[in-house]
Every structure is written in structure tokens, then in C-alpha cells.
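Let me begin by presenting the structure, written as C-alpha cells, before commenting on it.
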Amino acid sequence: TQLLEQSPQFLSIQEGENLTVYCNSSSVFSSLQWYRQEPGEGPVLLVTVVTGGEVKKLKRLTFQFGDARKDSSLHITAAQPGDTGLYLCAGAKAGANNLFFGTGTRLTVIP
Amino acid sequence: EAQVTQNPRYLITVTGKKLTVTCSQNMNHEYMSWYRQDPGLGLRQIYYSMNVEVTDKGDVPEGYKVSRKEKRNFPLILESPSPNQTSLYFCASSEDRVYEQFFGPGTRLTVL
Chain X
3 TQLLEQSPQF LSIQEGENLT VYCNSSSVFS SLQWYRQEPG EGPVLLVTVV
53 TGGEVKKLKR LTFQFGDARK DSSLHITAAQ PGDTGLYLCA GAKAGANNLF
103 FGTGTRLTVI P
Chain Y
1354 EAQVTQNPRY LITVTGKKLT VTCSQNMNHE YMSWYRQDPG LGLRQIYYSM
1404 NVEVTDKGDV PEGYKVSRKE KRNFPLILES PSPNQTSLYF CASSEDRVYE
1454 QFFGPGTRLT VL
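Chains X and Y, in that order, are what the protein sequence lines are. Position in the first sequence (from 1) plus 2 gives the number in my numbering. Position in the second sequence (from 1) plus 1353 gives the number in my numbering.
Okay, structure coming up:
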């Protein structure tokens, strides 16, 4: 059983469209990270959120941590082909020494 | 350049033949971990290490061993590989589990 479930699992959209990816759990996390992974490479950190309700923006990407710190979303505005990749959320639970990764969302942006 | 290196990048082996995948980081990070990535299952943690000589099991430790004798190195050992260990493996390091994880380039392992 996955601690963090991401949806959708696959997403294919046209360049210029907006999209939202979700990361959900029944557990509370002290912090949550979002990574992007491109083929043949390891994941690269995009953002870390630590406060319930926190919103962070990274150019066209907007990240939100749920008020209860059980979920998070990633919204991309005007998607571009360079946004194509596997998006992973990862959560750290208070008192635990390991990091839990979500199942991933594979995004394809078609030119 | 700050980086995590893994070797080999690709490996094809046979069932039961012991192998080691090396991992080294040059960032003086305390925390290191190993993950495997499988389609539909995301990244699952195998083992992690909070510091030298301190290691602990992650979510899927069965069939794997690790050691942390030096701060920079964290090898992954498969004593008797089996086909269900065919996967893409990543080593990562960070200052702490809650901070940015720096990932290596991955090792694609096939066990026949």
C-alpha cells in the first residue's frame, strides 16, 4: 500500500493548456517535496512545502500544501514541452527517519 | 561539481551471482539512501543511513544489504540476486531526510 497516491498517473496535454497534479494521503506529513524526473536521470527537487496551507510559486508552477498537511497539489499554467517528465511528491513524517515517495504522474506536453 | 555517482550504470547478471552497486557523494552529506523504481510503484526506499555506521531498513529491504563505513560511500549489496530485483536503482544523499535529496543517475539492473 502506497502512503502517497498521485493522480492522474498519466497526463497528456497540448502546449498552452493548464493542468493540476494531486498528491494525497491519509497521513500527516511534516513537510512535502515535489521532484521532476526526466528519462535517464534521477529526480530533481522543485520545491519543499512545510506549513499547512502554504503556497509556493516557481515561474509557471504553483505548489500548495493542504491545510491538514495530508495532501498537496501542483498546478502548471500554460504548459510547455519542457515540462514533460515524471512528477513525484515525497513526504517526511514527524518522528520517522525515512522519506516516502508517491506513485508519480507522467506528464507529456505535446507541441 | 556537487554530485552523487553510481556504478555501474547498467548491469545484466544471473540469479545468485553476488553484486555490488557503488554510490559516492562529494557534498559531505550525513543522510544517504537507496531506492528502487518500478513502473506503477514509484520510488520505494530500500535502506537509508543517518550517518557513518548507522543504517536502517526502508520499505523494501529484503534481499539487500548496505554498509556505511565512510561518510561519502554507501554501497548496495545483493548477496543472491533474483529476477524480482530487476529494477532501476537510485542512490541519494542529503543533509537530512527532510531536505533536498540529491539523486545519482541511476543503475539499471537486470537479473536473468
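By construction, the Cβ of each residue, glycine as well, lies at the ideal position given by its N, Cα and C atoms.
How many angstroms separate the CA atom of residue i from the CA atom of residue j?
i: F1456/Y; j: Y1388/Y; result: 10 Å
i: A80/X; j: I15/X; result: 10 Å
i: R71/X; j: A96/X; result: 11 Å
i: S9/X; j: L109/X; result: 11 Å
i: P83/X; j: E17/X; result: 7 Å
i: L63/X; j: D1449/Y; result: 25 Å
i: N26/X; j: E1354/Y; result: 35 Å
i: S1402/Y; j: N1426/Y; result: 11 Å
i: E7/X; j: L1372/Y; result: 33 Å
i: P1414/Y; j: N99/X; result: 15 Å
i: Q66/X; j: K58/X; result: 6 Å
i: F31/X; j: A92/X; result: 10 Å
i: I1430/Y; j: N20/X; result: 44 Å
i: Q11/X; j: Y1417/Y; result: 29 Å
i: T1368/Y; j: P45/X; result: 29 Å
Going by DSSP in three states, residue i sits in which element: helix, strand or coil?
i: D1409/Y; result: strand
i: D1297/Y; result: Outside the displayed range of chain Y (1354 to 1465) lies residue 1297/Y, so it cannot be described from this structure.
i: N20/X; result: coil
i: N1437/Y; result: helix
i: Q1449/Y; result: With the sequence shown as reference, residue 1449/Y is identified as Asp, and Gln is not the correct amino acid for it. In the structure shown, D1449/Y sits in coil (DSSP, three-state: anything other than H, G, I, E or B).
i: D73/X; result: strand
i: G42/X; result: coil
i: G54/X; result: coil
Considering only the beta carbon of each residue, do residue i and residue j sit closer than 8 Å?
i: K1370/Y; j: P1428/Y; result: no
i: Q39/X; j: L5/X; result: no
i: W36/X; j: L101/X; result: no
i: G54/X; j: G68/X; result: yes
i: N1381/Y; j: K1424/Y; result: yes
i: G1411/Y; j: Q1398/Y; result: yes
i: T1439/Y; j: T1408/Y; result: no
i: T107/X; j: L13/X; result: yes
i: Q1356/Y; j: T1460/Y; result: no
Pop quiz: residue i and residue j are said to be a contact at Cβ under 8 Å. What is the actual Cβ separation, rounded to whole angstroms?
i: A1445/Y; j: S1386/Y; result: 5 Å
i: L90/X; j: L1396/Y; result: 7 Å
i: V51/X; j: S74/X; result: 7 Å
Going along the segment 53–64 of chain X in order, which residues come within less than 8 Å of chain Y, judged by CB to CB distance?
Taking 8 Å as the upper bound on Cβ-Cβ separation, chain Y lies near no residue of the segment 53–64 of chain X.
Interface positions of the segment 41–52 of chain X facing chain Y (Cβ-Cβ less than 9 Å), listed along the chain:
Hits within the stretch, in order: G42, E43, G44, P45, V46, L47, T50, V52.
Listed from N- to C-terminal order along the chain, which residues in the segment 1403–1418 of chain Y have their beta-carbon within a distance smaller than 7 Å of any beta-carbon of chain X?
M1403, D1409, G1411
Cβ-based contacts, 7 Å cut-off: residues of the segment 82–107 of chain X near chain Y
L90, A94, N99, N100, L101, F103, G104, T105, G106
Using a Cβ cut-off of 9 Å, which residues of the segment 21–43 of chain X contact any Cβ in chain Y, in chain order?
S32, S33, Q35, Y37, Q39, G42, E43
Quick one: which residues of the segment 1388–1400 of chain Y get their C-beta closer than 8 Å to a C-beta of chain X? List them in chain order.
Y1388, G1393, L1394, G1395, L1396, R1397, Q1398
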